[in-house]
Amino acid sequence: MSQATDDLETRVLSALSTAGTANFGASQQGSAGSGAFIGLYTAAPSDAGGGTELTGGGYTRMQASFGSVTSGAISTNADAQFPAADSSWGTITHAGLFNAATGGQLLAYGALNTPSAIDQGDIFKIPVGGFTVSMD
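When you line the sequence shown up against the numbering used here, it's residues 323 to 458, in that order.
Here it is, written out as C-alpha cells:
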C-alpha cells in the first residue's frame with residue numbers, strides 16, 4: 323500500500339477547503355470553489371452519505387472558513403455559528419462538510435467530541451479550530 327505525499331495532501335486539502343478543484347499537474351495548486359459548508363447531524367453519516375442531517379426549525383448549513391494546510395490538516399479559522407433554533411433540533415452527534423449550501427455532496431464528516439442537545443432558542447457554534455480535516 324502506498325501513502326499520500328505531503329504535496330498531494332496539500333493539494334487535496336486546499337481544494338477541499340473551498341470545495342474547489344485540485345490540480346495534480348506541475349506546480350499548479352488548483353482553483354478555489356464557491357465554498358464549503360458545514361452541516362449538522364442527529365444520526366451518523368457514512369462514507370456513502372446517509373445519516374440524518376437536520377432540517378427545519380431555522381436550520382441552515384453554514385459556510386466554512388479554513389486556514390492554510392498545516393501538517394496535513396486544515397482547520398476552521400473562524401467560528402461557524404448557526405442561527406438560533408426555531409424549535410428543538412434534537413441531539414447533534416456529527417458534523418459534515420458539503421460542497422453546497424443545500425443538496426450537494428458530503429465530502430468529509432466526523433463525530434462531535436460531545437453530543438449537544440439543541441432546544442428552541444439555542445445557538446450551536448463550532449469555534450475556531452473546532453472542525454479539522456486531516457490526511458496522513
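Heads up, the beta-carbon is just placed ideally off N, CA and C, and yes, glycines get one too. Values in this document were obtained by computation on a predicted structure and should not be read as measured data.
Along the chain, where does the alpha helix (DSSP H) containing residue i start, and where does it finish?
{"i": "Val334", "result": "328-338"}
Please work out which residues of its chain come closer than 6 angstroms, Cβ to Cβ, to residue i, disregarding the five sequence neighbours upstream and downstream, and give them in chain order.
{"i": "Gly379", "result": "Ala407, Asp408, Ser409, Trp411"}
Out of the options, point me to the one whose CA is closest to residue i's CA.
{"i": "Ala417", "options": "Ala386, Met457, Asn345, Leu330", "result": "Ala386"}
{"i": "Leu428", "options": "Ala365, Phe359, Leu330", "result": "Phe359"}
{"i": "Thr398", "options": "Gln325, Gly443, Thr340, Pro367", "result": "Thr340"}
{"i": "Pro449", "options": "Leu434, Gln403, Ala430, Asn421", "result": "Gln403"}
Counting only the same chain and skipping the five closest in sequence on each side, list residues whose C-beta sits under 7 angstroms from that of residue i.
{"i": "Gly371", "result": "Leu428"}
{"i": "Gly443", "result": "Ala406, Ala407"}
{"i": "Gly452", "result": "Thr398"}
{"i": "Leu434", "result": "Ile414, Thr415, His416, Ala417"}
Only counting the same chain, and skipping five residues up and downstream in sequence, which positions put a Cβ closer than 8 angstroms to that of residue i?
{"i": "Ala395", "result": "Leu335, Thr454, Val455, Ser456, Met457"}
{"i": "Pro437", "result": "Thr413, Ile414, Thr415"}
{"i": "Asn421", "result": "Ala341, Gly355, Ala358, Phe359, Gln427, Leu429"}
Along the chain, where does the beta strand (DSSP E) containing residue i start, and where does it finish?
{"i": "Pro449", "result": "Note, Pro449: premise wrong, no beta strand (DSSP E); not H, not E."}
{"i": "Gly432", "result": "428-440"}
{"i": "Ser456", "result": "454-456"}
Under the three-state reduction of DSSP, which class applies to residue i: helix, strand or coil?
{"i": "Ser356", "result": "coil"}
Checklist entry - What are the start and end residues of each continuous beta strand (DSSP E) run of 3 or more residues lying completely inside the region 369-404, in chain order? => result The region 369-404 contains these whole beta strand (DSSP E) runs: 395-397.
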